[in-house]
Amino acid sequence: MAVLVDALARAADQEPQALLIGGEAGVGKTRLTEEFLGEAARRGAVVAVGGCVEIGAEGLPFAPFSTALRTLLRLLPGELAAAAAGQEDELARILPELGETPRGPHDEESTARLFELTARMLERLAADRTVVLVLEDLHWADTSTRHLLAYLFRALGRGRLVLVATYRADDIHRRHPLRPLLAELDRLRTVQRIELARFNRGEVRRQLAGILATQPDEAFVDSVFERSDGNAFFVEELVASHESGCRTGLTESLRDLLLVRVEVLPDAAQRVVRIVAEGGSTVEYPLLLAVSRLGEDELIEALRAAVGANILLATADGDGYRFRHSLVREAVSDDLLPGERARVNRRYAEALETDETLIRAEERVIRLANYWYAANDPAKALPAVLAASITARRRHAYSEQLSLLERAMDLWESAPDEVREALRPADYTEVYPPCGCDPASTPLQRVDLLAEATVAARYGGERERALKLTKLALRILDEDGGDPLRAAWFWTERSRLIANLGRGDGWQEIATAQELVKGLPPSQVHADVLVRVAGWGMLHNPGPGNLAAAERAVEYARMIGAEETELNARITYGCLLMDSGDGTTGLAELHEVKDRAIARGFTVVAGRAHINITSQLESMGRSREAVELAEQGVQLVSKARLLDTEAWVRGNMAESLYGLGRWDEAAEAARRTLHVGHGAAPRGSASARLAYLALARGELTEAAAQLAAAHAHFGTHDSQPQHRIPLFRLAIGVAEGEGRLADVRTETAQAIAYGFPLGQHRYAWPLLLASATAEADARGLPGTEEGRATALEALRTAARTLATPAPLWSAHSEYLRAELLRAEGRDTVADWTAVETAVSPLERPYLLARVRHRLAEALLGSGGDRDTAAGLLRDAHATADRLGSRRLREDLALLAQRARIPLTPDETRPAAPAPDTDPIEALGLTSRERDVLRLVATGSTNRQIAEELFISPKTASVHVSNILAKLGVAGRGEAAALAHRLRLFTAPAPQP
311 MAVLVDALAR AADQEPQALL IGGEAGVGKT RLTEEFLGEA ARRGAVVAVG GCVEIGAEGL
371 PFAPFSTALR TLLRLLPGEL AAAAAGQEDE LARILPELGE TPRGPHDEES TARLFELTAR
431 MLERLAADRT VVLVLEDLHW ADTSTRHLLA YLFRALGRGR LVLVATYRAD DIHRRHPLRP
491 LLAELDRLRT VQRIELARFN RGEVRRQLAG ILATQPDEAF VDSVFERSDG NAFFVEELVA
551 SHESGCRTGL TESLRDLLLV RVEVLPDAAQ RVVRIVAEGG STVEYPLLLA VSRLGEDELI
611 EALRAAVGAN ILLATADGDG YRFRHSLVRE AVSDDLLPGE RARVNRRYAE ALETDETLIR
671 AEERVIRLAN YWYAANDPAK ALPAVLAASI TARRRHAYSE QLSLLERAMD LWESAPDEVR
731 EALRPADYTE VYPPCGCDPA STPLQRVDLL AEATVAARYG GERERALKLT KLALRILDED
791 GGDPLRAAWF WTERSRLIAN LGRGDGWQEI ATAQELVKGL PPSQVHADVL VRVAGWGMLH
851 NPGPGNLAAA ERAVEYARMI GAEETELNAR ITYGCLLMDS GDGTTGLAEL HEVKDRAIAR
911 GFTVVAGRAH INITSQLESM GRSREAVELA EQGVQLVSKA RLLDTEAWVR GNMAESLYGL
971 GRWDEAAEAA RRTLHVGHGA APRGSASARL AYLALARGEL TEAAAQLAAA HAHFGTHDSQ
1031 PQHRIPLFRL AIGVAEGEGR LADVRTETAQ AIAYGFPLGQ HRYAWPLLLA SATAEADARG
1091 LPGTEEGRAT ALEALRTAAR TLATPAPLWS AHSEYLRAEL LRAEGRDTVA DWTAVETAVS
1151 PLERPYLLAR VRHRLAEALL GSGGDRDTAA GLLRDAHATA DRLGSRRLRE DLALLAQRAR
1211 IPLTPDETRP AAPAPDTDPI EALGLTSRER DVLRLVATGS TNRQIAEELF ISPKTASVHV
1271 SNILAKLGVA GRGEAAALAH RLRLFTAPAP QP
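Going by this note's numbering, the letters in the sequence shown line up with residues 311 to 1302, in that order.
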């Protein structure tokens, strides 16, 4: 209790609290939460309770949240309406009282959108008041409820909200679906877990004293403690049995203990109790009246007896009845005979079919499906289960939809032929496009259900299950003689799933689908296959052949009147036009699609258009335009809660902001991408953006960590050039920063062997430039000359294959040429002047600062104009200082010091270093540390240093730590890189 009250106090300081209360059945979880809710109410908090419903294998989607939010709507009608303003239609999927539930849209982000909206609504509701939300019996929770709870526990960041969930620990066996959630929540530091233990003998004595209002006899305490084993509920039941004279209550069977007080009720009351046990966690009074077939007076008397015996309780809203404890309900239900159970469930189903008003409308379809299923009537259960699956889908409860569809497939063979033949795809399927048949007149087939289940599994995040379903469907189609359109649809799904699971690039599957539809009349499936073929080619193997595929996709979609599919195909077509060199036409096509999609309300397509246009603008060097359009795109897709789409747009924004030198904004955009994105690819791109920033700032340890994170997100099977080439570039940068030239050459060779497909020049030019810069910076260092000529020639050869369709890439070409000459010691002031002239107009401050560093270096090295060199150094240093580029700032300061040029107006001219000044002593290193640093620079380990210098490994480690501290670097790699950059250990001059 103290933990709960403490959480209540912390929540009052705008710190949301999340707690899990676990314990075996009857141990006192409900009593604890009741006491806590009472205390919270006394402190002015608004409290709401929702219980998970045990009703068949598929609980009501979001049932506890719906109940709790319904309470909040009753207590705070105006405040909740304001918190949900603008999103009522989406939030109606959880709280139907907010409005009509829309039929769509449905995609893999639908659930995440709904969860995000729910989290934000609760935060707004709890902004000015403490709200306590309790979800009971989480062990019965449906999958969607578990997922939403996990999301809220992770995502709630502000507000005076206390979220408590209880579960029965003894039910959580190894395969229980709640078990993975508990393990996940245990890893969250924001979630507190309370485990309630059984009472010891002293606590049982105090409980008995409270119940009996007197001190109990010690022999009675011993007897009760032995029989109850410290379970609080069993203690109460034993006392009740003892006081009512039911000596059989003290029996070896706890089940008999729970039933004994039921068996002493009047016959009518026992009958009603058995009916309530099969109705679910709560049974509405009108429904109970219809099912019991008793007169109203007789029913009320029976209920009065059951309530008086403390078996049943009236619900808080007064609309129905429930068991005082679920253990009693389970015992009564288990005591029913099989035929009796089926008969009771049939009566429930018949009552709901006769009168739809007996229960809430949003519960009717799913409860009816479960009642008919429990009644063992396949003819009635099959259509009811299918109708329930559609209801679950419309609430974005895709996991429940999948379970219901799997139940329907289990019932398929048991249902009579006339029932199956009367079912129509138009009534029970939404995602499976018509395949040359009329969905209103053609009978529903089992393969149609497999299609619906496949998409439900994918939307619900169960991709492995979806993949198995496609395999089963293709086997059935093959056994039935084959239907090429249906098979092509499943192969297209497999392509998407395999790519998403990282099992491959999905080409083999989509190529199979393409072969199946070849020569068939235009159809939705045909158009979808062509769009995916063109899209795959755009991402994995850009080239003219894919342009023709995109044109065919547009043509087919237009022929069948599938406007959304057509617009998607036109996005691919526009991007391929731009990659092929026709930037003007391609960009105009993309803008036209964007505007059309927004006008028609195709938000998903509009979001994809923003992703691709911002990317293409960045490729053209038009970063400022890209940022402006990205901001518009974020505003558009964030309203629709297209989280992964928003992540992609923000990731593109981060790339453009980096180029513009707005690094703090770029870092924030990348971090925001990681926060909102769920897909691996946008998160991988965001990590790559953060790695670029860390490299440019000289933070090598952070850069390496972000590079590793990007690799983890993309996985080993992502073959898209737009992902692979930047990772090569980053690996080159990290290796160069740590002075590992051999690794730079290895990564460069692998990148060149991988290839730079059409349209990938935007990633290839920076990669080649980074490698050439590493070669130039390493010139003259020990062990770097061997292999240099081969490496430089490989860079020149690769550069000749790259396009320069925009001034930005022409400038990169000039920059690369100058760095290659510097690597050979042949660069001149004229070379760097040409680069500076090309880069200056581009609004690329970091790139320009680096070029001006090299131009100033060339001027000073050739005896050129010192004033010009000083101006270049000062401009570059100011830029480096503003951006926070430590490495560039240090390189500029070193050059200025050697040239005795002050970098700021108030800085005095640096004194010229004495001719005999040792640069290592200037760094504060001792003679022994000099020797250690020399070996660190060659990549030696502590053990190798110890062997070389005849010291212990521990002593070597101490020296390395001291060196890192004096140099102000984070690791050995950075120390080695600094030694190389400062030319502390140059190669000996060649002997004559």
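Virtual Cβ for every residue (Gly too), placed ideally from N, Cα, C. Here the structure is a predicted model, which is why all the values come from computation and not from measurement.
Pull up the distance between the alpha-carbon of residue i and that of residue j, whole angstroms please.
i: Glu562; j: Phe530; result: With a pLDDT of 44 at Glu562, under the threshold of 50, the modelled position of that residue is not reliable, and no figure is offered here.
i: Pro490; j: Arg380; result: 29 Å
i: Gly771; j: Arg804; result: 15 Å
i: Leu692; j: Leu721; result: 6 Å
i: Gly589; j: Tyr658; result: 7 Å
i: Arg537; j: Glu398; result: 53 Å
i: Ala909; j: Glu874; result: 12 Å
i: Gln327; j: Val474; result: 8 Å
i: Arg571; j: Ala767; result: 45 Å
i: Leu984; j: Ala998; result: 11 Å
i: Ala940; j: Leu927; result: 10 Å
i: Ala671; j: Tyr461; result: 27 Å
i: Leu1183; j: Arg972; result: 21 Å
i: Ile923; j: Asp447; result: 49 Å
i: Arg1244; j: Ala1280; result: 17 Å
i: Pro1225; j: Gln1207; result: Reliability of the predicted coordinates at Pro1225 is poor, the pLDDT of 48 falling under 50, and no value is obtained from them.
Quick one: residues in its chain with C-beta nearer than 7 Å to the C-beta of residue i, no 5 flanking neighbours on either side, listed in chain order?
i: Arg906; result: Leu877
i: Arg813; result: His1027
i: Leu760; result: Leu779, Leu782, Ala783
i: Glu1304; result: Residue 1304 lies beyond the residue range present for the chain, which begins at 311 and ends at 1302; the question has no answer from this structure.
i: Glu325; result: none
Using the rule of at least 16 other Cβ atoms within 10 Å of the residue's Cβ for burial, across every protein chain shown, is residue i buried or exposed?
i: Tyr769; result: buried
i: Glu1146; result: buried
i: Lys690; result: buried
i: Pro852; result: buried
i: Val315; result: exposed
i: Ala916; result: buried
i: Pro1031; result: buried
i: Thr882; result: buried
i: Pro1151; result: exposed
i: Thr455; result: buried
Rounded to whole angstroms, how far is the Cβ of residue i from the Cβ of residue j, which I believe are closer than 8 Å?
i: Ala879; j: Ala863; result: 4 Å
i: Arg634; j: Ser591; result: With a Cβ gap of about 12 Å, Arg634 and Ser591 do not count as contacting.
i: Val1149; j: Ala1121; result: 5 Å
i: His1021; j: Leu1037; result: 6 Å
i: Arg1089; j: Gly1049; result: Wrong, their Cβ atoms sit about 13 Å apart, outside the cutoff.
i: Gln824; j: Ile870; result: Not quite, the Cβ-Cβ distance comes to about 17 Å (not below 8 Å), so this is no contact.
Counting only the same chain and skipping the five closest in sequence on each side, list residues whose C-beta sits under 6 Å from that of residue i.
i: Ala295; result: As shown, the chain starts at 311 and ends at 1302. That puts residue 295 outside it, with no answer to give.
i: Gln502; result: Leu329
i: Leu283; result: Lying before the first or after the last residue shown, residue 283 is absent from the chain, which here runs from 311 to 1302.
i: Ala312; result: none
i: Glu1129; result: Ala1082, Thr1083, Ala1086
i: Leu382; result: Ala358, Leu390
i: Gly1194; result: Arg1007
Apart from the five residues just before and just after residue i, which ones in its own chain have a Cβ nearer than 8 Å to its Cβ?
i: Ala319; result: none
i: Ile848; result: Sequence inspection shows Met at residue 848; the Ile mentioned does not correspond to that position. Within the same chain, Met848 has close Cβ partners Asn856, Ala860, Thr882, Cys885, Leu886, Asp889.
i: Asp496; result: Arg503
Checklist entry - Should the region 956-972 be called in touch with the region 929-936, which here means at least 3 C-beta pairs below 8 Å? => result Contact holds: three or more Cβ-Cβ distances are below 8 Å.
Next on the checklist: Closer than 8 Å is the cut-off here; do at least three beta carbon pairs connect the region 944-963 with the region 1126-1144?
Outcome noted: The region 944-963 is not in contact with the region 1126-1144.
Checklist entry - Is the region 641-657 close to the region 607-614, with three or more CB pairs under 8 Å? => result Short answer: they don't touch.
Item to check | the region 414-432 / the region 461-477 touching (three or more Cβ pairs under 8 Å) | outcome: A contact exists between the region 414-432 and the region 461-477.
Checklist entry - Given 8 Å as the limit, is there contact between the region 441-457 and the region 344-358, that is, 3 or more CB pairs closer than that? => result Contact between the region 441-457 and the region 344-358 is present, because at least three Cβ pairs lie under 8 Å.
Checklist entry - Do the region 505-521 and the region 356-364 touch if we need at least three Cβ pairs shorter than 8 Å? => result Touching, no, given that fewer than three Cβ pairs across the two stretches are closer than 8 Å.
Next on the checklist: Using a Cβ distance threshold of 8 Å, determine whether the region 1157-1165 contacts the region 1004-1021, with at least three qualifying pairs required.
Outcome noted: The region 1157-1165, when compared against the region 1004-1021, does not touch it at the 8 Å Cβ threshold.
Next on the checklist: Measuring CB atoms only, is the region 592-605 touching the region 618-633, in the sense that at least three cross pairs come out at less than 8 Å?
Outcome noted: Output reads yes: the region 618-633 touches the region 592-605.
Next on the checklist: Three or more C-beta pairs under 8 Å: does that hold for the region 1261-1276 against the region 979-993?
Outcome noted: Verdict: no, contact absent.
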